[in-house]
Each structure stands twice: as C-alpha cells, then as structure tokens.
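Inspection log for the structure reproduced underneath, given as structure tokens.
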Amino acid sequence: MFARTSTVVFSPQCGQVRNMTTLKDITIRLKSIKNIQKITKSMKMVAAAKYARAERQLKPARVYGTGALALYEKAEIKAPEDKGGKHLIIGVSSDRGLCGAIHSGMAKTIKSEIASLTSAGKEVMVINVGDKLRGLLHKSHGQHIMLNCKEVGRKPPSFGDASIIATELLNSGYEYDQGSVIFNKFRSVISYKTEQKPVFSTDTVASSETMGIYDDIDADVLRNYQEFALVNIIYLALKESTTSEQSARMTAMDSASKNASEMIDKLTLTFNRTRQAVITKELIEIISGAAAL
Amino acid sequence: MMAARFLRRSLPLLRQTRCYAEAVTGTPQMSFTFASPTEVFFKEASVKQVDVPTLTGAFGILPAHVPTLQVLRPGVVTIFNEDGSSAKYFVSSGSVTVNADSSVQLLAEAAVPLDQLDIAAAKANLEKAQADLASTSDEASRAEVQISIEANEAIVKALE
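In order, the protein sequence lines correspond to chains A and B. Just so you know, we're using this note's numbering here: the first sequence kicks off at 3 and counts up by one. Just so you know, we're using this note's numbering here: the second sequence kicks off at 15 and counts up by one.
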C-alpha cells in the first residue's frame, strides 16, 4: 500500500520518462507528419498530371513502335542459338525514385538476365538509361555496365533522346550479336509489366532466311534501316517506361498520403488523451494542494 | 459480294480460270500504317497506292507489292485512298517496310501535311543553307548543312 501511494506521488516524472510522450513531442510529430502528407499529396497531383500527358503521347508512340517491330515479327527473325557470344541489354528506367517497385523490379530482371546469359557462356554488356539503375547495378555488376544515361525523367522523352542513346551505342563500337531492350510496359493506371523487346544485329537480319523474300536490299540500306529501327525501339521503351513510372508514382504517393492521414488520426487521438491527462493531473495537484490547507 | 457468289456457283464449270481469279482476289488488301513519333496518320488502313521517296529513287506501292525495305529521303509521300482522293505529306527521313502479307509500315522521323509548309520560309532557309555551305569546313557541320539544303530543296520543289 505504502509502495503504491509513493509511486502515485512520484508518477508525474516517472510517467513522463517512461512514455516519452509529452504534449510537445506529440505536437512536433503531428506537425511533421502533416507536412509530409501535404508533400505526398502534391506529388500525387503532379504525377497525375504528368501521367495524363505521358499516356496521351504513348498512343501514337505505340503505333509507331509496333510498326518498327513489325518487320522482325513478320519475317520471324530469330537470333541463331549456337553462335552469338556477345549480348547487349538496354535497361530503360529513370533518375527519380518514390515510384514503387519500378527500378527494383527492372534491376531484378536485368540481374537474372545477366546471370542466365553468363552461365550460358555469353558476354553481356548493359546500358543503363537512368541513374537509379546505375545505382542498383554498379556495385554487383559494375563490370558489365557499358554506358550510363543521366537526366532521364525530368522532361518527357523525345525522339531526339532516343537517337542520342542509339548514337552513343553505335559509337561505342560494341559488336553485339543480339540484344534486348528491357522496359516497364504500361498496362493500366495500376499495373505495369517488365517486358523485353529484341534487338538484332545487322548480320543476324541479313543472314536470316526469311529476309530472302525482301527484294532489292543492299548492305547500306539495311544498315540505315537497322539503325533507324534501333532508335524506334528505344523511343518506344522510353515512352512506355515514363508512363508506367508516373502511374506508379501516383499510386505510391496516394498510399503514402493515406498512411500519413491514418497516422495523423491516431496521433490526434493520443494528443487529445494526453492533453486531457495533463489537465486532470494539474487539477488534482491544485485540488489536493488546496485541500491540504 | 454478288460477284463472288456468282463466281462460286460457276466454280465447277470454269474451275481452272476460277482458281486463277481467286488467287488474285484473295490477295490481302494493303494494311497501311503511316506514323511519326508524335502522330499517327494512318493505322492499318486500306489504301490503293502509296508513293514514297527513297534513297534509291521514288516508287509506288500497291497491294501485293514485292516485299522490300527502304530508307526514306526528304520528299513528298502521296497516299491514294480507296475512293480516289489523295493526301500528300512531306517527310524528312525514315523507313518503309513492305511485308509479304501486303502490310506496309511507313515510319517517318518527322512528317507534316503539305499545306502546313510555308514556301517563303523554305526558300529563305534554302538560301541560308547554301550560304552556310560555302563557309563551313568541318566534316560534321558540312554534312548537316548539306542535309539542310537537300531537305529545303525538296520542300521548295514539293510546294511549287
């Protein structure tokens, strides 16, 4: 009994030290979470606007890109299985984070591709479009990285950007036998999928059997055609990638704002309870002090 | 439709001729896709003929054209629709693919309908480019100026 009354008398300091939640702490936390909620809400609005524009631009880009790939599908050009020691992977992502699993999903795909290709004895080189991919890949697979592209994702990608990437690739002189472009294909506002589109070298295309039906092609024309097709595929990948990224960022920021709202509700309740408890304690002190007189 | 039904009824009598005719009418129509990176002009449309300017010369594509791949040069693309009307576009460069199933993909890096081009501006650009050609000596910029001259000449020729 005595012990209990003594703890009751000393409880204010012990209570504060034990819970670490004075009114001031809760107020600070509440203010910072409210700020975070404002920021994530505005990021969601910005991402929604950018997503609307990206989706609008994706429609013609998709027709354009599927037109560019039509030759490879109709002529059923396949890379020869046995030869072809050099492989190229172009991973298309962006510089900015806070977009859910966009970058990590792509890095996972690229890592598993590198693993399967190197175990099959092929040489793999990777081009990173986007700084986030570089950050994810350079520690573990630094020796495979050939080219890094920065400043991706701030402005919507243009055909000029795709042609710059293709030019750098061709200037680097890496004689790949076949390759693939890995990007996040946009399916809907809430879903995207990591996909690969093939890139063939001029030799593979020229020596493919079905190419025989195509009339009047000389090496120069084929090389120009291939270079143009490469730019088109990269352009399609960039457009799809930005649309997926903006929609994923919209979803991520939306759930972040919702979580922040929940935390604010809980903290506000705790704040009110703590406030009432403090007032009650003060009243008790005053009353017991007055009663003692 | 009526003709086809008539042909089918007379099939047993004129079998050989019918087979030959069916081979021709069975040819798929041209599925024509014409797009630039920012705009789609035709998507799997059925057209009668397309005239394209390529590096090896201008040629017209009709349904059942032999499969080929070509690279475009600056010039005018003319599309003749099924109803006889034609549409002209100026393209800067790109590629054209004719596949075995008569599908044609015309991908232009930049394409505008002819009526959106201003001939006065094109002439002014042409003169400026020709003046630049005399002054530049660096390989890369020389090539750029020559591309500019070629494109502007083609625009002026198309608009006249």
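Note that CB positions come from ideal geometry on N, CA and C, so glycine has one too. Since the structure is predicted, the reported quantities are computational estimates derived from the model, not experimental observations.
*For ASN130 (chain A), which three-state DSSP category applies?*
strand
*Examine chain A for any beta-carbon lying closer than 8 Å to the beta-carbon of ASP152 (chain B), and answer yes or no.*
no
*So is PRO81 (chain B) in contact with chain A if we call contact Cβ pairs under 8 Å?*
yes
_Less than 8 Å between C-beta atoms, sequence neighbours within five positions excluded: which residues of the same chain meet that for GLU153 (chain A)?_
ASP97
*Enclosing alpha helix (DSSP H) for MET45 (chain A) [first to last residue]*: Per DSSP, MET45 (chain A) belongs to the alpha helix (DSSP H) from 25–76.
*Which residues DSSP lists as bridging LYS137 (chain B), in chain order*: Answer by DSSP bridge pairing: none, since LYS137 (chain B) is not bridged.
*Quick one: which chain D residues come within Cβ less than 7 Å of ILE215 (chain A)?*
Of the chains in the structure shown, none is chain D; the protein chains are A and B.
*Count the other C-beta atoms from every protein chain shown that fall within 10 angstroms of the C-beta of ASP163 (chain A), then say buried if there are 16 or more, exposed otherwise.*
Label assigned to ASP163 (chain A): buried.
*Partner residues on chain A for SER50 (chain B), Cβ-Cβ distance less than 8 Å*: Within 8 Å Cβ-Cβ: PRO62 and TYR66.
*asked:* Counting only beta-carbon separations shorter than 8 Å, does LEU69 (chain B) have a partner in chain A?
replied: yes
*asked:* For chain A, check one thing: does any of its Cβ atoms lie closer than 8 Å to the Cβ of GLU123 (chain B)?
replied: yes
*So what does DSSP say about SER290 (chain A), is it helix, strand or coil?*
helix
*My guess is that HIS89 (chain A) and GLY175 (chain A) are in contact by the Cβ rule of under 8 Å, so how many angstroms apart are they, rounded?*
About 16 Å; that fails the 8 Å criterion.
_For VAL191 (chain A), three-class secondary structure by DSSP_ = coil
*Does the beta-carbon of LEU120 (chain B) have 16 or more other beta-carbons within 10 angstroms, so that it is buried, or is it exposed?*
buried
_Considering just the uninterrupted stretch of the alpha helix (DSSP H) at ILE112 (chain A), what are its terminal residues?_
104–121
*GLY74 (chain B) burial status per 10 Å Cβ neighbour count (16 or more: buried)*: Residue burial annotation: GLY74 (chain B) is exposed, with fewer than 16 other C-beta atoms found within 10 angstroms of its C-beta.
*For THR31 (chain B), which residues from the same chain have a beta carbon less than 7 Å from its beta carbon, with the 5 sequence-adjacent residues on both sides left out?*
Only weak support exists for where THR31 (chain B) lies, its pLDDT of 44 falling under 50; the value from the coordinates is given anyway. Cβ neighbours of THR31 (chain B) beyond the five flanking positions: none.
*How big is the Cα-Cα spacing for GLY291 (chain A) and ARG31 (chain A)?*
When only Cα atoms are considered, GLY291 (chain A) and ARG31 (chain A) end up about 34 Å apart.
_I need the DSSP call for ILE219 (chain A), collapsed to helix, strand or coil._
coil
*What whole-angstrom Cβ distance do ALA49 (chain A) and GLN248 (chain A) have, given they're in contact under 8 Å?*
5 Å
*With burial defined as no fewer than 16 other Cβ atoms inside 10 Å of the residue's Cβ, what is the status of ASN234 (chain A): buried or exposed?*
That one is buried.
*Which ranges would you report for the beta strand (DSSP E) in the stretch 80–155 of chain B if only whole runs of at least 3 residues count?*
For the stretch 80–155 of chain B, whole beta strand (DSSP E) runs of length 3 or above, ordered along the chain, are 82–86, 89–95, 100–105, 108–112, 117–122 and 125–127.
*Would you kindly work out how many angstroms separate the C-alpha atoms of PRO88 (chain B) and LYS241 (chain A), rounded to a whole number?*
Those two C-alpha atoms are separated by around 26 Å.
*Select from A:ILE192, A:ASN226 and A:MET213 the residue whose C-alpha is nearest the C-alpha of SER165 (chain A).*
A:ASN226
*Quick one: what does DSSP say LYS199 (chain A) is sitting in, helix, strand or coil?*
strand
*DSSP state of ASP97 (chain A), grouped into three classes?*
coil
*Could you name the residues of chain A that THR111 (chain B) contacts, counting a contact when the two beta carbons are closer than 7 Å?*
In chain order: ALA72 and LEU73.
*What are the boundary residues of the alpha helix (DSSP H) that includes LEU149 (chain A)?*
Run containing LEU149 (chain A): none in the alpha helix (DSSP H); it sits in the beta strand (DSSP E), 147–151.
*How is the alpha helix (DSSP H) around ILE167 (chain A) delimited, first residue to last?*
Annotation for ILE167 (chain A): the continuous alpha helix (DSSP H) segment containing it runs 161–174.
*State whether the stretch 64–82 of chain A contacts the stretch 195–213 of chain A, with contact taken as three or more CB pairs (one from each stretch) at a distance under 8 Å.*
yes
_Nonlocal neighbours in the same chain, by C-beta distance under 7 Å from LEU131 (chain B), ignoring five residues either side_ = Excluding residues within five positions, the ones whose Cβ falls inside 7 Å are PHE104, ILE169 and LEU173.
*In whole angstroms, what separates the C-alpha of GLY108 (chain B) from that of LYS40 (chain A)?*
47 Å
*For VAL126 (chain A) versus HIS140 (chain A), is the C-beta distance shorter than 8 Å?*
Taking 8 Å as the Cβ cut-off, VAL126 (chain A) and HIS140 (chain A) do not qualify as a contacting pair.
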